[in-house]
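I have placed the structure first, in the form of structure tokens, so that the comments after it can refer back to it.
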Amino acid sequence: MARLDGRVAIITGAGSGIGRAAARLFAREGARVGVADVNRERAETVAASINDTGGEALAIACDVTKGADCERMVADTVKRFGRLDVMYNNAGISPMGLVHEMSEADWRKVIDVCLTGVFLGTRHALPHLMKQGGVVINTASIAGITGQPGLPHYCAAKHGVIGFTKVVALDYAKYKVRAVAICPGAVVTNIGESMGISVDPNVTRQLGAALHPLGRACEPEDIANAALFLASDEAALISGVILTVDGAWTCGHTFPVPGQQ
Ligand SMILES: NC(=O)c1ccc[n+]([C@@H]2O[C@H](COP(=O)([O-])OP(=O)(O)OC[C@H]3O[C@@H](n4cnc5c(N)ncnc54)[C@H](O)[C@@H]3O)[C@@H](O)[C@H]2O)c1
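Okay, so the sequence shown: first residue is 636 according to the working numbering, each after it adds one.
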């Protein structure tokens with residue numbers, strides 16, 4: 636028996652990077668998956684790749700900053716697959732900027748996608764999750780637990796996601812709904828696009844290797860594997876947890892210890 640047999644999941648930002656890896660992995664583990672992305676073509680490509688390889692997926696065009704889109708995303712998934720067990724709020728953007736130069740619009744855009752989008756996905760999923768129990772998985776970031784230079788709006792949003800996750804864990808435990816947040820370190824994805832830059836994956840790999848004491852960057856599958864565990868029954872008593880997948884980046888600073896190799 637696969638780890639998500641019989642389950643239905645929605646993943647936002649599933650057209651690329653972490654969300655795409657999670658959609659494919661969840662489908663291989665038996666879940667039927669709503670593949671949601673603001674970029675319809677990407678969502679369709681990922682859903683088709685799942686359907687072509689024996690899985691079941693529904694492509695959904697959804698801008699997570701719009702309540703009506705999120706409501707339709709959940710309704711279409713439940714209409715197609717009959718239930719909802721996992722709401723994985725993963726969509727995010729990460730443009731850089733300094734506070735004294737930042738426009739109000741730039742600030743609001745990041746808060747809208749990275750924080751309000753998590754609220755809206757959760758808001759519309761909960762009535763379905765509460766029927767039989769389920770899990771909300773939110774993609775936060777190490778920027779949700781540490782300050783990261785050049786990312787004031789992103790850090791504010793991701794810290795907010797962590798607080799939000801904890802409250803959902805408390806308020807919905809009585810409905811057997813769990814809520815968890817994952818904090819990835821440096822992941823080799825297309826997130827640079829949202830910074831307006833094209834990042835060579837090998838540069839991210841080098842950066843990750845330098846930043847992560849474990850010596851390599853995260854691949855999207857590293858995060859998807861953590862999400863799979865948290866979505867599965869193996870994590871039945873895990874709620875409110877903030878799980879870093881960052882190769883020990885946020886543990887502290889390493890330095891040569893005198894007398895040790
Ligand atoms: N890549 C990293 O190093 C890293 C580190 C920590 C956290 N994260 C977080 O991981 C999540 C996934 O990012 P990724 O690295 O896979 O990036 P990515 O750019 O590869 O994928 C993000 C996807 O989200 C979609 N998206 C953007 N705005 C959206 C919106 N308004 N509505 C719906 N979809 C939208 C994009 O079209 C894209 O397909 C984000 O929340 C990001 O903040 C990434």
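A virtual CB, placed ideally from N, CA and C, is assigned to each residue, including glycine.
What's the gap between the Cα of residue i and the Cα of residue j?
{"i": "His735", "j": "Gln895", "result": "45 angstroms"}
{"i": "Gly689", "j": "Ala682", "result": "11 angstroms"}
{"i": "Ala696", "j": "Pro891", "result": "50 angstroms"}
{"i": "Ala692", "j": "Ala740", "result": "35 angstroms"}
{"i": "Ile777", "j": "Val834", "result": "19 angstroms"}
{"i": "Ala816", "j": "Arg659", "result": "20 angstroms"}
{"i": "Val802", "j": "Ala775", "result": "15 angstroms"}
{"i": "Cys790", "j": "Lys714", "result": "36 angstroms"}
{"i": "Glu679", "j": "His763", "result": "24 angstroms"}
{"i": "Gln767", "j": "Thr889", "result": "45 angstroms"}
{"i": "Tyr807", "j": "Leu761", "result": "9 angstroms"}
{"i": "Gly831", "j": "Leu719", "result": "35 angstroms"}
{"i": "Val823", "j": "Gly882", "result": "14 angstroms"}
{"i": "Val608", "j": "Asn773", "result": "For residue 608 there is no data in the structure shown, the boundaries of the chain being 636 and 896."}
Cβ-heavy atom distance between residue i and ligand 1 below 7 angstroms?
{"i": "Gly652", "result": "yes"}
{"i": "Asp698", "result": "yes"}
{"i": "Arg751", "result": "Reading off the sequence, residue 751 comes out as Thr, not Arg. No, since every heavy atom of ligand 1 falls outside the 7 angstroms radius drawn around the Cβ of Thr751."}
{"i": "Glu854", "result": "no"}
{"i": "Thr680", "result": "no"}
{"i": "Asn825", "result": "yes"}
{"i": "Thr879", "result": "no"}
{"i": "Val617", "result": "It is not possible to answer for residue 617, since the shown part of the chain is limited to 636 through 896."}
{"i": "Ser684", "result": "no"}
{"i": "Arg677", "result": "yes"}
{"i": "Ser829", "result": "yes"}
{"i": "Gly785", "result": "no"}
{"i": "Asp672", "result": "yes"}
{"i": "Thr774", "result": "yes"}
{"i": "Asn725", "result": "yes"}
{"i": "Ser729", "result": "yes"}
Which residue or residues does DSSP assign as beta-bridge partners of residue i?
{"i": "Asn724", "result": "Asn773"}
{"i": "Glu691", "result": "Arg667"}
{"i": "Val643", "result": "Arg667"}
{"i": "Arg813", "result": "Val770"}
{"i": "Ala932", "result": "With the chain represented from 636 up to 896, any question about residue 932 goes unanswered, as that position is not in the structure."}
{"i": "Cys886", "result": "Per DSSP, none; premise fails for Cys886."}
{"i": "Cys818", "result": "Thr879"}
Identify the continuous beta strand (DSSP E) that holds residue i and give its terminal residues.
{"i": "Leu878", "result": "877-880"}
Hey, quick one: how far does the alpha helix (DSSP H) through residue i stretch, first residue to last?
{"i": "Lys714", "result": "702-716"}
{"i": "Glu739", "result": "739-746"}
{"i": "Asp903", "result": "With the chain covering only 636 through 896, there is no way to say anything about residue 903."}
{"i": "Leu805", "result": "787-807"}
Whole alpha helix (DSSP H) runs in the region 820-854 with 4 or more residues, listed along the chain? Listed in chain order, they are 836-846.
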